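A short write-up of the structure that comes next.
Residue numbers (our numbering): 109 to 646.
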């Protein structure tokens, strides 16, 4: 049967009973034509798929199933089966490759469950898929509180962290703040709690949980509170100099917490307050742990001139916390000089200056600076030991660090010399579907200077930005980075579960914000043996 109207316009649909369907698109006809112009195609034996749907041990009558073919350049739907009864569905004459099958139904006891599965069929294979919609025995329970008091009406949602299905779960916390979600299979999930409270404030917390039978997960929201302080400036400042300090800031002393806006405790990351004529400042937010208080000097240009940073431990008391009078200590200045080597051209536009203070490495400031600003003065700042870090995506594989002791009444200098970083960065994709992410097992780099290999982190997900900050190569999901390389052409070999091993050539690049990634497309094993499929994926 040759039916040109069966698929996209201009395409030919070829089907013989017992054999897999074949679609010949207009731009592919020359591949199937002989010298006389007749089309020919070698049909593979057709595969078949049968599904058995059950719920609570009985056939799931009325459930629907639909099938999509993923191993084509443009995935397409085969729709619902021709025959579906008694909780069973069947498709015949299927082409070899990967498929996604979606199930849905309506049950008065268990609601409207939805599931998806992905599977692979070989030519001529007959496969049976048993699907059970019955709830599992696992459960997630816990309590939502705000400031230690029960939080009722919080909306809880739960979804698989690495979904093999699209099943979603939900619950609402009761008057005692308790919630419970049942019917869960063991595995990793993403749990979220949301509550809109008076004044338009929105409470949102998300965290990953590992379900193992009965599992507890509490959501502890922090209430808003306030912190007050009276700032006493040194008597050596003139009234004019004192007028430059009009704003005070309160920020977490942990650099990583400052950066992570999805902190599970929903802490306030940047609170500011004007400084009154009497030297008083009031901050509002959610505070817990160690914070740094600093005042800001106007006229600082692109670098925030944060003066007199002082650490405090805050406990988020619901009634607020008064820090009393803060007499700013004796101070000095820190001067930072930048030198760009000749290879560092063009000048970087994403330079970040990080500043830490004291043995606890309290995080003081994080500011973007201009490469033209090669002589930076920060201060007045309290006397003590400081560590500065200079970071740029386009330069060293890790930040440059330098430390110095600032003495009262003196100016201390630090110098940095910048050079460009040569690296190879890439993305790993499925050749046919952006929706499928290959599970990468290793990325091998071979070339000038030797070989390096990246493998998945044994501790699970990693933060690429933190790995780069630590000066380490990384493999995270579908992305990888090799940095600090010698100039030249390297060979990359990628291995992933269910895909053929792929080897490509890649050239080192000077890193820049807009530098393109090397994209490596992997062929599923079913298509890797097909030369026509491999050619279409390139």
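Where is the CB? At the ideal position from N, CA and C, for every residue including glycine. The structure displayed is predicted, hence computed values, not measured ones.
**OP:** With a cut-off of 8 Å on the beta carbons, I'd call residue 248 and residue 312 a contact; round off their distance for me.
**Re:** The Cβ separation is near 18 Å, so there is no contact.
**OP:** Pick helix, strand or coil for residue 349, following the three-state DSSP scheme.
**Re:** helix
Original post:
Does the distance from the C-beta atom of residue 255 to that of residue 331 stay below 7 Å?
Top reply: yes
**OP:** From the DSSP output, in three-state form, read off residue 490 for me.
**Re:** strand
Subject >> Which of helix, strand or coil DSSP assigns to residue 631 >> reply: coil
Original post:
residue 499: buried (16+ other C-beta within 10 angstroms of its C-beta) or exposed?
Top reply: buried
Original post:
What does a CB cutoff of less than 6 Å around residue 443 pick up in its chain, not counting 5 residues either side in sequence?
Top reply: 485, 519 and 521
Original post:
Under the three-state reduction of DSSP, which class applies to residue 306: helix, strand or coil?
Top reply: helix
Original post:
Does the distance from the CB of residue 440 to the CB of residue 493 come in under 7 Å?
Top reply: no
Original post:
In chain order, what residues of the same chain have a beta carbon less than 7 Å from the beta carbon of residue 393, not counting five sequence neighbours either side?
Top reply: 332, 376 and 379
Original post:
On the premise that residue 286 lies in contact with residue 251, defined as a C-beta separation below 8 Å, what is that separation, rounded to the nearest angstrom?
Top reply: 5 Å
**OP:** Just tell me which of 277, 260, 290 and 295 has its CA closest to the CA of residue 284.
**Re:** 260
Original post:
CA-CA distance, residue 473 and residue 462?
Top reply: 6 Å
**OP:** Give the single residue among 303, 234 and 169 whose Cα lies nearest to the Cα of residue 258.
**Re:** 303
Subject >> Limits of the beta strand (DSSP E) - the one that residue 230 falls within >> reply: Careful: residue 230 lies outside any beta strand (DSSP E) and carries neither H nor E.
Original post:
In or out: residue 497 buried (at least 16 other Cβ within 10 Å) or exposed?
Top reply: buried
Subject >> Pairwise C-alpha distance: residue 295 and residue 173 >> reply: 25 Å
Original post:
Distance, Cα to Cα, residue 469 vs residue 507?
Top reply: 16 Å
Original post:
How many whole angstroms separate the CB atoms of residue 606 and residue 562, which I take to be in contact at a CB cut-off of 8 Å?
Top reply: No, residue 606 and residue 562 are not in contact; Cβ-Cβ is about 19 Å, not under 8 Å.
Subject >> Per-residue DSSP class, three states only, for residue 332 >> reply: coil
Subject >> Option in 353, 384, 395 and 344 with minimal Cα separation from residue 334 >> reply: 395
**OP:** Specify the secondary structure class of residue 241 as computed by DSSP and reduced to three states.
**Re:** coil
Subject >> Pairwise C-alpha distance: residue 540 and residue 139 >> reply: For residue 139, the predicted model reports a pLDDT of 44, less than 50, meaning its position is unreliable and no value from the coordinates is stated.
Original post:
From 546, 584, 592 and 536, pick the residue whose C-alpha is nearest to that of residue 560; which is it?
Top reply: 592
**OP:** Identify whether residue 482 lies in helix, strand or coil by the three-state DSSP scheme.
**Re:** coil
Original post:
Around the Cβ of residue 399, are there at least 16 other Cβ atoms within 10 angstroms (buried) or fewer (exposed)?
Top reply: buried
**OP:** Look at the alpha carbon of residue 553 and the alpha carbon of residue 289, and state the distance between them as a whole number of angstroms.
**Re:** 46 Å
Subject >> Beta-carbon proximity list for residue 362, same chain, < 8 Å, skipping 5 on both sides >> reply: 397, 398 and 471
**OP:** Enumerate in chain order the residues of its own chain whose CB-to-CB distance from residue 625 is below 6 Å, with the five nearest sequence positions on each side excluded.
**Re:** 533, 534 and 535
**OP:** Buried or exposed for residue 202, please, with buried defined as at least 16 other CB atoms from any protein chain shown within 10 angstroms of its CB.
**Re:** buried
Original post:
To the nearest whole angstrom, what separates the beta carbons of residue 160 and residue 239, a pair I think is in contact under 8 Å?
Top reply: 7 Å
**OP:** Inspect the beta-carbon positions of residue 495 and residue 464 and report whether they are closer than 7 Å.
**Re:** yes
Original post:
Should residue 581 go down as buried or exposed, given a rule of 16 or more other Cβ atoms within 10 Å for buried?
Top reply: buried
Original post:
In or out: residue 213 buried (at least 16 other Cβ within 10 Å) or exposed?
Top reply: buried
Original post:
Within 10 angstroms of its Cβ, does residue 343 collect 16 or more other Cβ (buried), or is it exposed?
Top reply: exposed
**OP:** Just mark residue 438 as buried or exposed, buried being the case when its beta carbon has 16 or more other beta carbons within 10 Å.
**Re:** exposed
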